[in-house]
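Engineer: First residue of the sequence shown: 1338, per this note's numbering; consecutive thereafter. Where is the CB? At the ideal position from N, CA and C, for every residue including glycine. I have a structure I would like to understand better, so I am pasting it below and will then ask my questions one at a time.
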Amino acid sequence: HCVTGLLNALGLLLLKSQLNVFHLGAGAWLPMSQLLPTLSITALTASLAKILPKHLPNFPTALLAISFSTIVAQVFSLPLQFLDFQSAVSTASATTTTMSSGVPSFVSLGLRQVSTNSWTTLVLPTAFSIAIISILETLLTAKVMDDDNEGVSDKVKDASCRSMGYGKLCSSMLGGFGGCGLIPNTLLNQQAGGKTSTSVLIYATVMGAAVLAGRNLLTRIPLAALAGVMITVGAQTMRLGESWKLLLSRKNNKAPLAKKLALLITTYLCFQVDMGTGILVGVASDLLLSAASKKRLL
C-alpha cells in the first residue's frame, strides 16, 4: 500500500509539473492568444495518446501523437513554446536556447586535483547515495511492472542493475549524467509495446540518432504536445481504482485501518514533502499501526 501511495503521489506530481507549459517564466498565465492554442494541442495529443493504443497496440503511439500534433502546430503556425524554448528563471523575460548536437568527447575527470578530504566527505558519500537511489528506483520500477505483467525474473533485474552501472560509467566519461529505471518512462514504453531487451536497444539507438542527426526536427516539437503525453502517463501511473477500493472497504479483515492510513500518509508526504520521507514514514506507520491493531485483537 505504500507503493500504491507512492504511485499516486508520482502521478499527481507529473500532472502538476505539466502546468508549467501554461505559464510564463514569472509564473503568470500565458496570454489568451497563446493559452488557447497550447490547451488545444495538449488536449489533442492527450486524446491521441489515449485512443491510439486501443487500435495500434504494437506501435509507438505516443510518438505518433507527438508527430501529428507537431505537424498541426507547424501547418497552422500556432504561437506555441517549442522544445528549444527555455523560460528564464531569474527574470521575467524569456530566452531562446539551441539544442547542441554532435558526438561528445571524453572529458578529463581531474581526479588528481581532488583532495583526500573531498574524497571522504563529498565524492564517495555522494556517489554512494546516488547509486543506492538509482538501484531502489530501478527495482521499484520492476516491482510496478511485476504487478502489471507476468513478472520479471531476478536474473533479469540483476542484469539490468549491472548494465545501468556500466552505462553510468560511460556517460560520466563523456560528460553526461547517469540515469535509472523510471516508472513514467517505463509505463510509456510499455504502452508503446516495448517489453523486451531488444526494445531497450532500439530505444537507446533511436534516441542517440535523434539527438545527433535530428536536432532541427526535435527543436520544433511543441512543449504542449509533450505535456499531453505526460498527462496520460501521470493518469496511468496513479492507482485510483485500487486506492478507492481500499479506502471505501468497510470489512476490517480485507482493509485494516493501518493500511488505509499508510496509503493516505504515503501519498500526502510523497506529494507535499519528498518521496524518501513519504516512503519511510508510510512504511513505519504501517508497521506500527498493524502491530498495535494485532495487539488489540489479542
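Leaving out five residues before and five after residue 1618 in sequence, what residues of the same chain have Cβ atoms less than 8 Å from its Cβ?
Structural biologist: Only 1602, 1603, 1606 meet the Cβ criterion.
Engineer: Going along the chain, which residues of its own chain have a beta-carbon closer than 7 Å to the beta-carbon of residue 1580, five neighbours each way excluded?
Structural biologist: Setting aside the 5 residues that flank it on each side, residue 1580 is surrounded in the same chain by 1341, 1345, 1600, each with a C-beta closer than 7 Å to its C-beta; the list follows chain order.
Engineer: Inspect the beta-carbon positions of residue 1403 and residue 1539 and report whether they are closer than 8 Å.
Structural biologist: no
Engineer: Helix, strand or coil: how does DSSP classify residue 1521 here?
Structural biologist: helix
Engineer: Any chance the stretch 1560–1576 sits against the stretch 1360–1380, with 3 or more Cβ pairs inside 8 Å?
Structural biologist: yes
Engineer: Closer than 7 Å: is that where the CB of residue 1407 sits relative to any heavy atom of the ligand COA?
Structural biologist: Judged by which ligands are present, the structure shown has none, so any question about the ligand COA falls away.
Engineer: So what does residue 1669 bridge to, in DSSP terms?
Structural biologist: Because the chain spans 1338 through 1635 in this model, residue 1669 falls outside it and cannot be assessed.
Engineer: Determine whether the beta carbon atoms of residue 1387 and residue 1523 lie at a separation below 8 Å.
Structural biologist: no
Engineer: Could you give the DSSP three-state label for residue 1405: helix, strand or coil?
Structural biologist: helix
Engineer: Within a Cβ cutoff of 8 Å, which residues of the same chain sit near residue 1506, ignoring the five residues on either side of it in sequence?
Structural biologist: Shown here for residue 1506: not one same chain residue has a beta carbon closer than 8 Å to its own, the five before and five after excluded.
Engineer: Return the CA-CA distance between residue 1565 and residue 1627, expressed in angstroms with no decimal places.
Structural biologist: 40 Å
Engineer: Determine the extent of the alpha helix (DSSP H) in which residue 1609 is found, giving its start and end residues.
Structural biologist: 1594–1609
Engineer: Using the three-state DSSP reduction, which class does residue 1707 fall into: helix, strand or coil?
Structural biologist: Residue 1707 falls outside the range modelled here, since the chain spans only 1338 to 1635, and no answer is possible.
Engineer: Which class does residue 1465 belong to by DSSP, given the choice of helix, strand or coil?
Structural biologist: helix
Engineer: I need the straight-line Cα distance from residue 1459 to residue 1494, nearest angstrom please.
Structural biologist: 29 Å
Engineer: Out of 1567, 1391, 1536, point me to the one whose CA is closest to residue 1355's CA.
Structural biologist: Answer by Cα proximity: 1567.
Engineer: Provide the residue span of the alpha helix (DSSP H) that contains residue 1536, from first to last.
Structural biologist: Boundaries of the alpha helix (DSSP H) harbouring residue 1536: 1534–1550, taken from the DSSP string.
Engineer: So, do the stretch 1364–1378 and the stretch 1506–1515 have three or more beta carbon pairs nearer to each other than 8 Å?
Structural biologist: The answer is no - the stretch 1506–1515 does not touch the stretch 1364–1378, with fewer than three Cβ pairs under 8 Å.
Engineer: Would you report the Cα separation of residue 1623 and residue 1629, rounded to the nearest angstrom?
Structural biologist: 10 Å
Engineer: Grab me the residues of residue 1620's own chain with a C-beta within less than 6 Å of its C-beta, minus the 5 sequence neighbours each way, in chain order.
Structural biologist: 1339
Engineer: Out of 1453, 1517, 1462, 1483, which one is the CA nearest neighbour of residue 1475?
Structural biologist: 1517
Engineer: Put residue 1416 into one of helix, strand or coil per three-state DSSP.
Structural biologist: coil
Engineer: At least one CB of chain D closer than 8 Å to the CB of residue 1378: is that the case?
Structural biologist: In summary, chain D is missing from the structure at hand, where a single protein chain is found.
Engineer: According to DSSP, which residues form a beta bridge with residue 1559?
Structural biologist: DSSP, once it has assigned bridges, lists 1419 as partnering residue 1559.
Engineer: Using DSSP with H/G/I as helix, E/B as strand and the rest coil, what is residue 1357?
Structural biologist: helix
Engineer: Give me, in chain order, the residues of the same chain whose beta-carbon lies closer than 7 Å to that of residue 1306; leave out the 5 immediate sequence neighbours on both sides.
Structural biologist: For the chain, the structure presents residues 1338 to 1635; residue 1306 sits outside this window and is missing.
Engineer: Keeping to the same chain, check which residues put their C-beta closer than 7 Å to that of residue 1375; ignore five residues upstream and five downstream.
Structural biologist: Listed in chain order, the non-local C-beta contacts of residue 1375 below 7 Å within the same chain comprise 1358, 1359, 1367, 1417, 1561, local neighbours out to five positions each way being set aside.
Engineer: Note down, in chain order, each residue of its chain lying with its Cβ closer than 7 Å to the Cβ of residue 1598, except the 5 sequence neighbours on either side.
Structural biologist: Same-chain partners within the cutoff: 1622, 1626.
Engineer: Out of 1501, 1481, 1410, 1514, which has the shortest C-alpha to C-alpha gap to residue 1576?
Structural biologist: 1481
Engineer: Could you please give the first and the last residue of the uninterrupted alpha helix (DSSP H) stretch that includes residue 1578?
Structural biologist: 1577–1585
Engineer: Given a cut-off of 8 Å, decide if residue 1498 and residue 1472 are closer than it, judged by their beta-carbon atoms.
Structural biologist: yes
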